[in-house]
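J.:
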Amino acid sequence: MIAARHVSKSFPGVLANQDVSFDVSAGEVHSLLGENGAGKSTLAAILTGLYQPDAGHVELNGARVALKSPRHGLALGIGMVHQHFRLVSQFTVAENISLGDRKQNWILSTKKVEEAVREIGERYGLPVDPRARINELTVGEQQRVEIIKTLYRGAQVLLLDEPTSVLTPQEVTTLFDSVRTLASEGKSVVFISHKLGEVMDISDRVTVMRDGKVVGNTAVADTSREELARMMVGRDVDLSAIRATKPAGAPLLEVRGLTAKSARSHVSDASIVVKAGEIVGIAGVSGNGQRALAEGIAGLTPLIDGHVTICGTDVTSKGSIAARKAGLSYVPEDRNGTGLAPSLSISENMLLTEDLPFLVNHKSAVAKAEEAITTYSIKTPGASTATRMLSGGNVQKVLLARELGHDPQVLIVSSPTWGLDVGAVEFVRSKLNELRKEGRAILLISEDLDEVRALSDRIYVIFEGKIVMECPGEGADVTTLGLAMAGARA
Amino acid sequence: MTQESVLILTLAGAIGTGTPLVFAAIGGVISERAGVINLGMEGMMLIGAVTTFLVVNKTGSPLLGFIAGGIAGALLALIHATLAISLRANQIVCGLALTIFGTGLASFIGKPIEGAGLEKSFNKLKIPFLSDIPAVGTVLFKQDVLVYFSWFAALLASLYLNRTRTGLSLRAVGENPATADAMGLSVVRMRYAHVIVGGLLAGFGGSYVILRIVPAWSQAGTTNGIGWIALALVVFASWHPLRVIGGAYLFGVALQANFALQAKGITVIPAEFLAMLPYLLTVVILVVLTANRRTRGAGAPAALGLPFVRDER
Numbered sequence: 010m011i012a013a014r015h016v017s018k019s020f021p022g023v024l025a026n027q028d029v030s031f032d033v034s035a036g037e038v039h040s041l042l043g044e045n046g047a048g049k050s051t052l053a054a055i056l057t058g059l060y061q062p063d064a065g066h067v068e069l070n071g072a073r074v075a076l077k078s079p080r081h082g083l084a085l086g087i088g089m090v091h092q093h094f095r096l097v098s099q100f101t102v103a104e105n106i107s108l109g110d111r112k113q114n115w116i117l118s119t120k121k122v123e124e125a126v127r128e129i130g131e132r133y134g135l136p137v138d139p140r141a142r143i144n145e146l147t148v149g150e151q152q153r154v155e156i157i158k159t160l161y162r163g164a165q166v167l168l169l170d171e172p173t174s175v176l177t178p179q180e181v182t183t184l185f186d187s188v189r190t191l192a193s194e195g196k197s198v199v200f201i202s203h204k205l206g207e208v209m210d211i212s213d214r215v216t217v218m219r220d221g222k223v224v225g226n227t228a229v230a231d232t233s234r235e236e237l238a239r240m241m242v243g244r245d246v247d248l249s250a251i252r253a254t255k256p257a258g259a260p261l262l263e264v265r266g267l268t269a270k271s272a273r274s275h276v277s278d279a280s281i282v283v284k285a286g287e288i289v290g291i292a293g294v295s296g297n298g299q300r301a302l303a304e305g306i307a308g309l310t311p312l313i314d315g316h317v318t319i320c321g322t323d324v325t326s327k328g329s330i331a332a333r334k335a336g337l338s339y340v341p342e343d344r345n346g347t348g349l350a351p352s353l354s355i356s357e358n359m360l361l362t363e364d365l366p367f368l369v370n371h372k373s374a375v376a377k378a379e380e381a382i383t384t385y386s387i388k389t390p391g392a393s394t395a396t397r398m399l400s401g402g403n404v405q406k407v408l409l410a411r412e413l414g415h416d417p418q419v420l421i422v423s424s425p426t427w428g429l430d431v432g433a434v435e436f437v438r439s440k441l442n443e444l445r446k447e448g449r450a451i452l453l454i455s456e457d458l459d460e461v462r463a464l465s466d467r468i469y470v471i472f473e474g475k476i477v478m479e480c481p482g483e484g485a486d487v488t489t490l491g492l493a494m495a496g497a498r499a
Numbered sequence: 006m007t008q009e010s011v012l013i014l015t016l017a018g019a020i021g022t023g024t025p026l027v028f029a030a031i032g033g034v035i036s037e038r039a040g041v042i043n044l045g046m047e048g049m050m051l052i053g054a055v056t057t058f059l060v061v062n063k064t065g066s067p068l069l070g071f072i073a074g075g076i077a078g079a080l081l082a083l084i085h086a087t088l089a090i091s092l093r094a095n096q097i098v099c100g101l102a103l104t105i106f107g108t109g110l111a112s113f114i115g116k117p118i119e120g121a122g123l124e125k126s127f128n129k130l131k132i133p134f135l136s137d138i139p140a141v142g143t144v145l146f147k148q149d150v151l152v153y154f155s156w157f158a159a160l161l162a163s164l165y166l167n168r169t170r171t172g173l174s175l176r177a178v179g180e181n182p183a184t185a186d187a188m189g190l191s192v193v194r195m196r197y198a199h200v201i202v203g204g205l206l207a208g209f210g211g212s213y214v215i216l217r218i219v220p221a222w223s224q225a226g227t228t229n230g231i232g233w234i235a236l237a238l239v240v241f242a243s244w245h246p247l248r249v250i251g252g253a254y255l256f257g258v259a260l261q262a263n264f265a266l267q268a269k270g271i272t273v274i275p276a277e278f279l280a281m282l283p284y285l286l287t288v289v290i291l292v293v294l295t296a297n298r299r300t301r302g303a304g305a306p307a308a309l310g311l312p313f314v315r316d317e318r
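Have a look at this one:
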């Protein structure tokens, strides 16, 4: 159907694609697997017409084509669903699908579009109300709109960029059903991902990329997760479950009946205990009160009700400084924003949580930052680089370096590996495990169920601001957790 | 004069004084729906006014004058578009600069004619039958042709925004330019076009002031700050062209109240205070709208004031 032949593409300083060949046939689901920066996105951009290759070419149905733009690509039947949706959230589904469609009359009539949305939805198992506003839809539904949008424009080839990163396990199942239906109707699907399990689950064939080159191309039936992981990273990686080796000690973090509100997030009557030498996971789809919970504990938002005790000190509504003094560190999900001031340098950011004298000694701050850069192997031009210039993994390392520098007894980490590549994920996980071994209490808030299951000694599930389930981490069942995350009573 | 009450005459007058606000605020809505704030509106109105004055006195045609006033506003808006869209300058700063520039330019052009009177203008146009309705007829249907044109412009703008393909694209550009760009729309072209149309309408507003409200050029007194009121009106109307009309006439009443009460010989409230009324009203309305959580930013285009750069997430 579509193929890239010996494609190369370079950007100033980077060879993003080097002699890459890739093809998908009709009715096939072909995965493109690789870490962040491996060149998957560049290849996808070449296949959709966003970039033109420096060398090599793209073939469509065996004929050579020069794609001028994504619009040109779509006109030829190549559609892409981006990780960050391209939807106008104030518009309805039908309006979004009509946007930029030149087949529409100048005087708009959304009737026809609405019908088409229903029809496509039924055919491929992508139900969505065409009159609903995007901001009223769940993330999973928004993704369906994106897929319907490309199908409505007549896409024969669909590229899905990290489509599962925002979905609940149940939504992933629904998406995979639709992908299979699409393939059975003769469409080609390119599934771009760095999640091994999903790639094994959905695809017929896998192409693995590393450092801009194709390092493997195999049928899924002929390979294993371990082999794919090795190809992807270039060495053996261990992301298997790690649990506490020692029994947990005294409770360090005690939360009783916490009720709090924070920007669009609310939590009510949550009670949580984290003991020394324990990682406790909070599983839940994002937006179910995790933020209010974390900020309530960290003293960033006043409690409406309840008590928080850190290492025996009552810090209820006493503010973030009191919580820190009691031994808490908080690594928020929003790293460059809540966690760090993006325009300040690494060394300045490291200073933010310290008790500073009136005159700041920059020299010692820089020295400290440089030390952190070495210990955490942060990739940066220097300590004076603004943190917004760093990649996701390095930003997280700066934040961890600062927060762990306070020698916290209790640590709250929110989505600590979100958006990081496998190497960085491995680093963060082993760091958390190390802290657990040292007898610290860790509250791990994450949407990534695999991660929660792999690290936690105990798991709480949060849904609509309430703790709806508690279970041991060992042997926690995905289906049960997933259902609890979606609000179903077990 | 017939037995028409002061109230009815005040309301009829309020429509007149509100009309420049209708034009300018619709212009503001169109420009802001594309994501570009136009703080240069006051300057564009003044330039429109002085151009109209000169053209009418030269050619004797109020219609030509009106059109020329609009074009003058549009040309000034073109400068705003170049700075704010192509050069991605801060929209607030370059809007303010344009008001200062427009005011200065207008007073420079208008120097020789300071204080002179306008020689010709539009007359009132009674709409047959409708104008015979008691009270309502006098208030609404004994106005000049430009008032009717302003209603038409509001209706047209509303239909354009909500019912056409280009209107949909325009709204997308103001809400989420990256998405619009990904759908193959030219954000730059859309923004240029609508900022210029916005300037055209602001120019029309200025023209109306000189043609129907103060038919003499005076640098300081012609627009008297109503460009700023129009800007507030855009927020008040929550970016809907039809809602602009109601708001504009409310301000019209406030602007007229001074004259009406003086005519009646009511002097309890000092005239200076009454003259403050519309500006006070602006402040009060903006405070009320922003103090209320529900109405704060309701209807504001999400990308308002943000320059668009491709490849920046």
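Respectively, the protein sequence lines represent chains A and B. The first sequence begins at 10 in this note's numbering and counts up one residue at a time. The second sequence begins at 6 in this note's numbering and counts up one residue at a time. A virtual CB, placed ideally from N, CA and C, is assigned to each residue, including glycine.
#1: Taking only runs that begin and end inside the stretch 246 to 275 of chain A, name each unbroken beta strand (DSSP E) of 3 or more residues, in chain order.
#2: Does DSSP put Tyr-339 (chain A) in a helix, a strand or coil?
#3: Taking DSSP as the reference, what is the three-state secondary structure of Ser-193 (chain A)?
#4: Checking 9 Å against the spacing of the C-beta atoms, do Gly-401 (chain A) and Arg-438 (chain A) come in under that value?
#5: Between the stretch 251 to 259 of chain A and the stretch 284 to 300 of chain A, do three or more beta carbon pairs fall short of 8 Å?
#6: Which partner residues of Val-289 (chain A) appear in the DSSP bridge assignment?
#7: Consider the Cβ of Asn-114 (chain A): report whether some Cβ of chain B lies at a distance smaller than 9 Å.
#8: Would you mind telling me which residues of chain B sit closer than 8 Å to Glu-145 (chain A), beta carbon to beta carbon, in chain order?
#9: By how many angstroms is the C-alpha of Leu-429 (chain A) removed from the C-alpha of Ala-250 (chain A)?
#10: Compare the C-alpha of Gly-71 (chain A) against each of A:Ser-34, A:His-81, A:Lys-49, A:Asn-105 and name the closest.
#11: Taking DSSP's pairing of strands, which residues face His-66 (chain A) in a bridge?
#12: Drop a sphere of 10 angstroms on the beta-carbon of Lys-388 (chain A), count the other beta-carbons inside from all chains shown, and report buried for 16 or more, exposed for fewer.
#13: I'd like to check one pair, Ser-112 (chain B) with Val-372 (chain B): are the Cβ atoms closer than 9 Å?
#14: When you compare the CB positions of Met-478 (chain A) and Pro-178 (chain A), do they come within less than 9 Å of one another, or not?
#15: Out of A:Tyr-385, A:Leu-413, A:Val-38, which has the shortest C-alpha to C-alpha gap to Val-188 (chain A)?
#16: Beta-carbon of Val-97 (chain A) versus every beta-carbon of chain B: anything under 9 Å?
#17: When you compare the CB of Ser-163 (chain B) with every CB in chain A, is at least one pair closer than 9 Å?
#18: Where Ala-395 (chain A) and Arg-333 (chain A) are concerned, what is the direct C-alpha to C-alpha distance, given to the nearest angstrom?
#19: Measure from the alpha carbon of Leu-294 (chain B) to the alpha carbon of each residue in B:Phe-58, B:Ser-191, B:Ala-237, then state which is nearest.
#20: Going by beta carbon distance, what residues of the same chain come within less than 8 Å of Asn-263 (chain B), once the five residues before and after it are set aside?
#21: So Ile-471 (chain A) and Asn-297 (chain A) are in contact, right, with Cβ under 8 Å, and what is the actual spacing, rounded?
#22: Between Val-249 (chain B) and Gly-172 (chain B), what straight-line distance do the alpha-carbon atoms span, to the nearest angstrom?
#23: Is the beta carbon of Val-294 (chain A) closer than 9 Å to that of Gly-308 (chain A)?
#24: Under 8 Å, CB to CB, which of the residues in the stretch 157 to 191 of chain B have a partner in chain A?
#25: Looking at the structure shown, is Lys-49 (chain A) part of a helix, part of a strand, or coil, going by DSSP?
#26: Do Met-50 (chain B) and Pro-25 (chain B) have their C-beta atoms closer together than 9 Å?
#27: Looking at Val-500 (chain A): is its Cβ nearer than 9 Å to the Cβ of Val-264 (chain A)?
#28: According to DSSP, what are the bridge partners of Ala-228 (chain A)?
#29: What three-state label does DSSP hand Pro-25 (chain B) in the structure shown?
#30: Residues in the same chain with beta-carbon distance under 7 Å from Phe-106 (chain B), minus the five sequence neighbours each way, listed in chain order, please.
#31: Beta carbons nearer than 9 Å to chain A: which residues of the stretch 13 to 46 of chain B have them?
#32: Rounded C-beta distance between Arg-234 (chain A) and Met-218 (chain A)? I'm assuming under 8 Å.
#33: Arg-80 (chain A) CB to nearest chain B CB: under 9 Å?
#34: Using the rule of at least 16 other Cβ atoms within 10 Å of the residue's Cβ for burial, across every protein chain shown, is Gln-299 (chain A) buried or exposed?
#35: For Arg-153 (chain A), does the count of other Cβ atoms within 10 angstroms reach 16, so buried, or fall short, so exposed?
#36: Could one say the Cβ of Leu-309 (chain B) lies closer than 9 Å to chain A's Cβ atoms, at least one of them?
T.: In short, the structure shows the following:
#1: 260 to 271
#2: strand
#3: helix
#4: no
#5: yes
#6: A:Leu-452, A:Arg-467
#7: yes
#8: One finds nothing in chain B with a Cβ atom closer than 8 Å to the Cβ of Glu-145 (chain A); even the nearest lies about 15 Å away.
#9: 18 Å
#10: Taking only the C-alpha atoms, the option nearest Gly-71 (chain A) is A:Ser-34.
#11: When DSSP reads this structure, His-66 (chain A) sits in a beta bridge with A:Arg-14.
#12: Around the beta-carbon of Lys-388 (chain A), fewer than 16 other beta-carbon atoms lie within 10 Å, marking it exposed.
#13: Look at the range of chain B in this structure, 6 to 318, and you will see that residue 372 (chain B) is not part of it.
#14: no
#15: It is A:Val-38 whose Cα lies nearest to the Cα of Val-188 (chain A).
#16: yes
#17: Taking Cβ atoms only, chain A never reaches closer than 9 Å to Ser-163 (chain B), which makes this a no.
#18: Each residue's alpha carbon lies about 25 Å from the other.
#19: B:Ala-237
#20: Taken in chain order, the residues that qualify are Ala-276, Leu-279, Ala-280, Leu-282.
#21: Contact flag correct, Cβ pair sits at about 5 Å.
#22: Take the alpha-carbon of Val-249 (chain B) and the one of Gly-172 (chain B): they are about 18 Å apart.
#23: Cβ atoms of Gly-308 (chain A) and Val-294 (chain A): not closer than 9 Å.
#24: Arg-168, Thr-169, Arg-170, Thr-171, Gly-172, Leu-173, Ser-174, Arg-176, Ala-177, Glu-180, Asn-181, Ala-183, Thr-184, Ala-185, Ala-187, Met-188, Gly-189, Leu-190
#25: helix
#26: One thing to note: Met-50 (chain B) has its Cβ within 9 Å of the Cβ of Pro-25 (chain B).
#27: This structure cannot settle anything about residue 500 (chain A), because the visible part of chain A is limited to 10 through 499.
#28: According to DSSP, which records beta bridges pairwise, Ala-228 (chain A) is partnered with A:Arg-214.
#29: helix
#30: Gly-48
#31: Residues of the stretch 13 to 46 of chain B with a Cβ closer than 9 Å to any Cβ of chain A: none.
#32: That belief does not hold up - the Cβ atoms of Arg-234 (chain A) and Met-218 (chain A) are roughly 17 Å apart, past 8 Å.
#33: yes
#34: buried
#35: buried
#36: Taking Cβ atoms only, chain A never reaches closer than 9 Å to Leu-309 (chain B), which makes this a no.
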